[in-house]
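Residue numbers (the UniProt record's numbering): 1 to 266. A quick write-up on the structure given underneath.
Given below as structure tokens:
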């Protein structure tokens, strides 16, 4: 049973190959990974649906449910394992199909222990890098990234407005107030801001507040209410509403999901 370690699942209908891989990996893993086995594709498919597997090592050819079938069954899953396939020399056509389906590498029988460990380490490293990328994608607001004052040709008034908003995010900001501070008519400022940033002023403020909130959700233990207040929302209810509209989930759910991923990566 997996008690919290990352899991490696080895699937092969040949007992000698299956147990050989398991023993080699268990000695190498020294408790860092749980190594489990399945002797057929049906059992493996059930485990992949039921448990979190980080690395799948599977023979490409097995009766009933093949390694290729297993890889296809992963389509649509949010947390796919990294996949390595095993094959004989005469089965390279299957290896090519597996690579096209998303397998990251392959091993040819008879297996060499040194090569096995080298390929496994590289695959696990690749999986960790993909998790980091996914986490960054979820953390960063791309519309905010696109608003680079140094590259987008923004005028000084809009730059000043961006700086002011960042420095006073905790306060109750209004477009009229910010426009007045930079000596512009509110209606003109509204048009100018959207033209030069690509988003309306109110949307920019919401996005920046939610971006700051996401950082605090992952980096602090502050309550949802405290974080909402820190980024300028007077009530938890409104903060949660705005957060869900931009992220598709509540702040508490975001903290749970992203916190889990961060723990897995470490």
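Each residue gets a CB set at the ideal place from its N, CA and C atoms; glycine is no exception. Values in this document were obtained by computation on a predicted structure and should not be read as measured data.
**Asked** What is the DSSP secondary structure of residue 71, counted as helix, strand or coil?
**Response** Residue 71 falls in the helix class under three-state DSSP.
**Message:** For the structure I just gave you, are there three or more beta carbon pairs, one from the stretch 24 to 31 and one from the stretch 104 to 119, closer than 8 Å?
**Reply:** Per the Cβ contact rule, the stretch 24 to 31 is in contact with the stretch 104 to 119 (3 or more Cβ pairs under 8 Å).
**Request:** Keeping to the same chain, check which residues put their C-beta closer than 7 Å to that of residue 66; ignore five residues upstream and five downstream.
**Result:** Setting aside the 5 residues that flank it on each side, residue 66 is surrounded in the same chain by 41, 60, each with a C-beta closer than 7 Å to its C-beta; the list follows chain order.
**Prompt:** Does the beta-carbon distance from residue 148 to residue 211 come in below 7 Å?
**Reply:** Not in contact: residue 148 and residue 211 (Cβ atoms no closer than 7 Å).
**Prompt:** Given a threshold of 16 other Cβ atoms within 10 Å of its Cβ, counted over all protein chains shown, does residue 50 qualify as buried or as exposed?
**Reply:** Exposed.
**Prompt:** Looking at C-beta atoms only, is the number of pairs between the stretch 73 to 86 and the stretch 96 to 104 that lie closer than 8 Å three or more?
**Reply:** Below 8 Å, enough C-beta pairs join the stretch 73 to 86 and the stretch 96 to 104 to call them touching: three or more.
**Message:** Between residue 13 and residue 63, how many whole angstroms is the CB-CB distance? I'm expecting something under 8 Å.
**Reply:** Yes, residue 13 and residue 63 are in contact; Cβ-Cβ is about 7 Å, under 8 Å.
**Prompt:** Roughly how many angstroms separate the alpha carbons of residue 156 and residue 246, rounded to a whole number?
**Reply:** Looking at the two C-alpha atoms, the distance is approximately 28 Å.
**Asked** Could you check where the alpha helix (DSSP H) with residue 187 kicks off and where it finishes?
**Response** Residues 186 to 197.
**Request:** List the DSSP bridge partners of residue 38.
**Result:** Note: residue 38 sits in a beta bridge opposite 11.
**Item:** CA-to-CA distance, residue 15 to residue 203, given in whole angstroms
**Value:** C-alpha separation (whole angstroms): 59 Å.
**Asked** How long is the line joining the alpha carbons of residue 57 and residue 250, rounded to whole angstroms?
**Response** Distance between the alpha carbons of residue 57 and residue 250: 36 Å.
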